[in-house]
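Undergrad: Got a structure for you, written out below as structure tokens; questions coming shortly.
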Amino acid sequence: MSTPVETPKDTVHFAITADAHPAALSRIVELFTLRNIIPDLIKACCYKSPAFPDEILSVDIHVYGLNNREQDIIRRNMTAQILVHSVRQENLYQKCPAKLAS
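Residue numbers for the sequence shown follow the working numbering, beginning at 761 and rising by one.
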């Protein structure tokens with residue numbers, strides 16, 4: 761059963777895929793810690809994909825109120841991590857809060 765989570769206006773969504781390694785999630789979250797930022801939502805799950813021989817870690821992070829410079833720095837630092845396969849970023853501009861299932 762999922763609980764609805766409201767996202768505030770102007771939320772940045774980072775969608776990350778990485779190796780399912782024990783250190784991957786902590787290294788990704790550490791990028792926010794170093795900038796004194798607390799994400800509004802962190803959702804992670806492991807899955808097996810036919811495209812990859814090993815398990816993949818999928819991480820979704822929502823952060824409210826990051827300026828463009830902070831978004832760019834965090835995205836580039838995520839991409840530079842050796843365990844990270846891809847980083848997709850989108851800005852969620854909303855007139856009213858959306859409800860996400862977590």
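All C-beta atoms in this analysis are idealised placements derived from N, C-alpha and C, irrespective of residue type, glycine included. Computed from a predicted structure; not experimentally measured.
1. Take the Cβ of residue 813 as the centre, count every other Cβ of all protein chains shown within 10 Å, and call the residue buried at 16 or more, exposed below.
2. Could you check whether residue 789 and residue 826 sit closer than 8 Å to each other, using their CB atoms as the reference points?
3. From the DSSP secondary-structure annotation, give me the bridge partner or partners of residue 815.
4. Measure the beta-carbon distance from residue 845 to residue 780 and round it to whole angstroms, keeping in mind my assumption that it falls under 8 Å.
5. Look at residue 786 and residue 805 and say whether their C-beta atoms are less than 8 Å apart.
TA: The short version:
1. exposed
2. No. Outside cutoff.
3. 808
4. In this structure residue 845 is not in contact with residue 780, their Cβ atoms being roughly 11 Å apart against a cut-off of 8 Å.
5. no
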